[in-house]
Amino acid sequence: MNNHLLFDFNVDKAAKTIFITREFNAGLSLVWDAFTKQELLDRWAAPAPMRCKTKYMNFEVGGRRFYAMISPEGQERWVIQEYTSITPKTNFKLHNAFADQDENPELPGSEWDHNFSEQNGVTTVNISIFNESLERMEKLSDGFRKGYILMLENLEELFATLAQEL
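Residue numbers (my numbering): 8 to 173.
Quick look at the structure:
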């Protein structure tokens, strides 16, 4: 097992963009599935102790995922994502916005671009997150960094669990 996997998180205020690079000791197909299949996303895509619950997901261009991150006290923070581009096992893009429980988005949102590659059994995911509003990005970036690190730890645990199940 490779214990020296890359994790990089950079905020470029001038470009209003967050750049995340993360390596996983897992094959491309599994990492792609973890980012694109509802049953796997719900197992990792909320920072602990929160959990994730997808109401619906249609992973196709123009399709949407509507989900909530739920606190231990039962508070729900809804998010709506619309897929704008998909190149299987290579790239997908989406527009992401917080929303209320009735799917009314809180604009502006952000544009996410996910790129996947594999070399020698290690899969690299490069994510760029463009925010139209610098104020929104600055407001979210510190808490987002902490939350996203926790989510990536959940994902590592999921990969370990799935490896044991095989």
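Glycine included, every Cβ here is placed at the ideal spot set by N, Cα and C.
Asked: Contact check, Phe123 vs Thr97, beta carbons under 8 Å; Found: yes
Asked: Segment contact, 8 Å Cβ cut-off, at least three pairs: the stretch 155-162 with the stretch 64-81; Found: no
Asked: Between the CA atoms of Lys23 and Glu139 - distance to the nearest angstrom; Found: 7 Å
Asked: Spatial distance of Lys60 from Val18 (CA atoms); Found: 28 Å
Asked: Cβ neighbour criterion (16 or more within 10 Å) applied to Pro54; Found: buried
Asked: Alpha-carbon spacing of Asp15 relative to Glu172, whole angstroms; Found: 29 Å
Asked: Sequence-distant residues of its chain with Cβ nearer than 7 Å to Arg114 (five each side left out); Found: It is worth fixing the name first, because residue 114 is Leu in this sequence and not Arg. Excluding positions up to five away in sequence, the list reads Ala104.
Asked: Contacting residues, own chain, Cβ-Cβ under 7 Å from Glu110 (five flanking each side not counted); Found: Phe73, Ile87
Asked: Any chain B beta carbon closer than 8 Å to Ser78; Found: You won't find chain B in this structure, because it holds only one protein chain.
Asked: DSSP beta-bridge partners of Leu101; Found: Tyr90, Trp119
Asked: Reference Leu101; option with closest CA among Phe137, Leu48, Glu125; Found: Phe137
Asked: Proximity of Thr130 and Val38 at Cβ, strictly below 8 Å; Found: yes
Asked: According to DSSP, residues forming a beta bridge with Asp49; Found: Looking at the DSSP assignment, Asp49 forms no beta bridge with any residue, so it has no partner.
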